[in-house]
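Written below as structure tokens is the structure these notes are about.
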Amino acid sequence: MIKDITNSEHYNWGNACDGWHLVKSNLLSIIQEKMPSGTSENLHYHHESQQFFFILQGTATFEVENEMYEVHEGQGFHILPKKKHRILNKTSKTLEFMVISEPRSHGDRIDL
Numbered sequence: 001m002i003k004d005i006t007n008s009e010h011y012n013w014g015n016a017c018d019g020w021h022l023v024k025s026n027l028l029s030i031i032q033e034k035m036p037s038g039t040s041e042n043l044h045y046h047h048e049s050q051q052f053f054f055i056l057q058g059t060a061t062f063e064v065e066n067e068m069y070e071v072h073e074g075q076g077f078h079i080l081p082k083k084k085h086r087i088l089n090k091t092s093k094t095l096e097f098m099v100i101s102e103p104r105s106h107g108d109r110i111d112l
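Using the UniProt record's numbering, the letters of the sequence shown correspond one by one to residues 1 to 112.
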């Protein structure tokens with residue numbers, strides 16, 4: 001089945017951020033997300049889930065275990081389970097990215 005944001009489950013998170021579940025199963029989650037300028041998510045970690053973020057548009061800043069990483073369009077970033085992390089959009093442009101979680105991260109998130 002062809003999937004995109006027009007035929008996938010949509011949800012809002014944070015302050016004006018959007019997400020679309022392209023694949024949603026117990027073993028795998030693939031989500032396309034959009035973050036307006038100046039937004040961020042809360043610091044958190046996952047007990048079981050590893051995540052891979054791939055930047056489609058813009059530049060993301062990741063905070064992982066108190067270190068900052070800048071990830072540009074066309075680059076990806078892997079986060080292992082139990083690592084405290086969050087994504088921020090510190091730019092003046094909208095940030096769009098894919099996040100792949102294995103197993104799915106919903107229900108496995110511990111907010112700090």
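No residue lacks a Cβ here, since even glycine has one placed at the ideal position from N, Cα and C. Being a predicted model, the structure only gives us computed values, none of them experimental.
Residue i versus the options, residue with shortest Cα-Cα distance
i: residue 131; options: ASN42, HIS47, SER49 and GLU48; result: The first residue shown for the chain is 1 and the last is 112, placing residue 131 beyond what the model contains.
i: LEU112; options: LYS3, GLY19 and ASN66; result: ASN66
i: TYR11; options: ILE2, HIS21, ASP4 and LYS3; result: HIS21
i: GLU73; options: VAL23, ILE31, LEU56 and ARG109; result: LEU56
i: ILE110; options: LEU88, PRO81 and THR91; result: PRO81
i: LYS90; options: HIS46, TYR69 and TRP13; result: TYR69
Euclidean distance between Cα positions of residue i and residue j
i: SER8; j: GLY19; result: 9 Å
i: GLU48; j: SER105; result: 8 Å
i: LYS93; j: VAL99; result: 19 Å
i: LYS78; j: GLY107; result: Sequence inspection shows His at residue 78; the Lys mentioned does not correspond to that position. Their backbone Cα atoms lie some 20 Å apart in a straight line.
i: residue 114; j: VAL71; result: Lying outside 1 to 112, the shown extent of the chain, residue 114 is not represented and no answer is given.
i: VAL37; j: MET1; result: Strictly speaking, residue 37 in this sequence is Ser, with Val absent from that position. Near 32 Å, if we compare the C-alpha coordinates of MET1 and SER37.
i: LYS83; j: VAL64; result: 7 Å
i: LYS24; j: ILE30; result: 7 Å
i: LYS34; j: ILE5; result: 11 Å
First through last residue of the beta strand (DSSP E) which encompasses residue i
i: GLN75; result: First-last for GLN75: undefined, no H or E at that position.
i: GLU63; result: 59–64
i: GLY19; result: 17–24
Supposed close pair residue i, residue j - CB separation, criterion 8 Å
i: PHE54; j: PHE97; result: 6 Å
i: ASN26; j: PRO103; result: 6 Å
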